[in-house]
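Structure, as structure tokens:
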Amino acid sequence: MKTAKNPFELAFEHMPTPAFIIETETGKLHSVNRGFALFFESFNAKPSDSWMTLSEEANSLKDWQILCEKIQNGQIDRCENLLRIGKKLVNTQLEFHPMGEYILACVYNTDHMDLVDAENTLLKFALTESSAGLWIWETDSDLISCSKSIAVLLGLPQDKTPRSTQEWHSLVHPDDVKNLDRVVTEHVKHRQSYYEAEYRIRKSDNEYMWVKERGRTYTKNIDGSIKKVIGFFEDISSQKALEEHLRNQATFDELTGLLNRGAALTHFKKQLGLAKRQYTPLTMAKINLDATGRLPELPMEIRNLAIQTSARHVYKNMREADVLARVEPDKLLLLLPNTSVKDAQVLLQNMIDPTEDEMKALIDGKSDPLDFCVGIAAFPEDGETIEELAQSANEALEVGRQKSLRIVIN
6 MKTAKNPFEL AFEHMPTPAF IIETETGKLH SVNRGFALFF ESFNAKPSDS WMTLSEEANS
66 LKDWQILCEK IQNGQIDRCE NLLRIGKKLV NTQLEFHPMG EYILACVYNT DHMDLVDAEN
126 TLLKFALTES SAGLWIWETD SDLISCSKSI AVLLGLPQDK TPRSTQEWHS LVHPDDVKNL
186 DRVVTEHVKH RQSYYEAEYR IRKSDNEYMW VKERGRTYTK NIDGSIKKVI GFFEDISSQK
246 ALEEHLRNQA TFDELTGLLN RGAALTHFKK QLGLAKRQYT PLTMAKINLD ATGRLPELPM
306 EIRNLAIQTS ARHVYKNMRE ADVLARVEPD KLLLLLPNTS VKDAQVLLQN MIDPTEDEMK
366 ALIDGKSDPL DFCVGIAAFP EDGETIEELA QSANEALEVG RQKSLRIVIN
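Numbered by my numbering, the letters in the sequence shown go through residues 6 to 415 in order.
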């Protein structure tokens with residue numbers, strides 16, 4: 006081991022956190038500071054000379070090289086690892102900092118870490134998020150630890166707060182469980198940094214309150230998978246009551262900015278009335294933005310971006326008199342006044358066969374025009390009411406999806 010000589014080496018030597026420096030190429034320990042050496046002395050042991058002899062989970066230089074690449078690429082900045090301290094295996098949390106040809110590793114002993122330690126460590130983050138409660142979830146064991154503030158919110162003794170995913174879900178409103186489970190599962194599956202979810206949870210008086218949950222990856226395993234998630238939990242019941250009031254009067258879809266189903270129905274009926282009075286053609290198109298079923302496999306942020314990009318593309322290519330609405334998460338309804346089926350087909354074909362510039366914009370926005378599928382229905386042949394036309398367009402759309410056709414006319 007090298008001895009500290011210059012001011013930087015002296016700073017490393019005397020830093021309060023146990024730390025060591027590893028050579029990226031060889032996995033050898035280049036230097037250890039006083040805290041790390043004392044860590045070993047407390048177990049009557051000497052520091053190891055390489056990552057391969059230090060880490061219980063590293064069997065070869067290749068194991069170190071794989072981990073090193075993930076650290077340098079930013080995939081892992083913190084993980085839990087069993088270190089060999091003499092004859093004892095100690096569970097530690099390591100925080101890595103790449104430094105060119107070397108990697109600095111700071112060591113935190115987690116064998117005795119509890120929720121109070123976590124709250125102190127993340128106090129700054131907790132204050133920034135203005136959250137009322139804190140919990141930690143260990144994904145491997147499915148153990149959940151809740152802070153006292155969550156117990157207060159739920160009106161429960163702290164030893165009666167949920168201790169597992171199943172116990173947590175048993176308190177969540179049945180209509181909200183599926184979405185919460187999907188969001189958290191995606192977070193772990195795609196190894197994301199954070200997630201947010203809003204749902205109703207039952208208190209001890211059997212009344213439901215709306216909460217906003219914000220979870221963040223706290224530590225990872227050495228392979229990059231998520232080891233622990235830490236979350237913040239707050240009561241947003243008052244906010245939800247206001248949102249519900251506003252939603253009843255809302256006109257636009259929040260994600261895409263298009264008309265929502267209720268507002269669209271009003272516009273569609275006005276256009277249908279004009280077509281009936283003036284004896285002009287009217288065509289309706291149901292557009293599936295995900296006929297290939299690609300979107301559910303994407304992380305939530307990317308899926309939302311893809312839907313926004315696709316909706317924007319359709320909106321830019323429609324005419325001023327046309328009416329477009331988002332009626333389902335991945336489906337749009339387009340009303341084409343004074344338009345025959347033949348003219349509608351030409352217009353829609355241009356939408357699903359974008360120009361080179363449009364294709365680049367779609368791809369940059371995580372969208373793919375090959376995902377688009379359109380079902381067309383005409384008034385009065387396929388229906389004399391908006392509901393009948395929408396049903397006919399949906400039936401044509403389903404035929405197209407099943408047969409992998411881009412445009413289907415009922």
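Every residue gets a Cβ at the ideal spot worked out from N, C-alpha and C, and that includes glycine.
About 28 Å separates the beta carbon of E106 from that of K232, a gap too long to meet the 8 Å contact definition.
In the structure shown, the three-state DSSP call for T190 is helix. C-alpha of N322 to C-alpha of L340: approximately 13 Å in a straight line. Comparing C-alpha distances from N211 to each of K217, H195, G160 shows the shortest one belongs to G160. Annotation: K75 to F25 spans about 18 Å, alpha carbon to alpha carbon. With 16 or more other CB atoms across the displayed protein chains lying within 10 angstroms of its CB, T29 is buried. A direct Cα-to-Cα measurement between G32 and A63 gives close to 10 Å. Taking 7 Å as the cut-off, the Cβ atoms of E100 and R83 count as close. Inclusion of N293 and K336 in the CB contact set at 7 Å is warranted, their separation being smaller than that value. By the neighbour-count criterion, in which 16 or more other beta carbons inside 10 Å mark a residue as buried, V319 falls on the buried side. Where T314 is concerned, the enclosing alpha helix (DSSP H) starts and stops at 305-322. Taken through DSSP and simplified to helix, strand or coil, E28 comes out as strand. In summary, D348 is exposed, with fewer than 16 beta-carbon neighbours lying within 10 Å of its beta-carbon over all protein chains present. DSSP, read as helix, strand or coil, puts K281 in helix. K245 and W215 have their C-alpha atoms spaced approximately 7 Å apart. When G220, L59, V157 are compared, the shortest CA-CA separation from Q197 is found for G220. The distance from the Cβ of C151 to that of T166 is about 4 Å, consistent with a contact at the 8 Å cut-off. A residue is called buried when at least 16 other Cβ atoms come within 10 angstroms of its Cβ; H178 does not meet this threshold and is exposed.
Looking at V189, K281, E203, E191, the one whose alpha-carbon comes closest to that of D180 is E203. For T58, the enclosing alpha helix (DSSP H) covers residues 56-59. Within the stretch 202-269, the runs of alpha helix (DSSP H) that reach at least 4 residues and sit entirely inside it are, in chain order, 242-252.
Per DSSP, T166 lies in no beta strand (DSSP E) and is assigned neither H nor E. By the Cβ-count criterion, M289 is buried, with 16 or more other Cβ atoms from all chains shown falling within 10 Å of its own Cβ. When DSSP states are grouped into helix, strand and coil, P23 belongs to the coil group.
In this structure, V413 places its C-beta atom within 7 Å of the C-beta atom of G380.
Spanning the alpha carbons of L410 and T224 requires a straight line of approximately 46 Å.
Out of A316, F273, V112, the CA that lies nearest to the CA of A326 is found in F273.
H102 is bridged by DSSP to L109.
A residue is called buried when at least 16 other Cβ atoms come within 10 angstroms of its Cβ; Q98 meets this threshold and is buried.
Annotated three-state conformation of K33 is strand, per DSSP.
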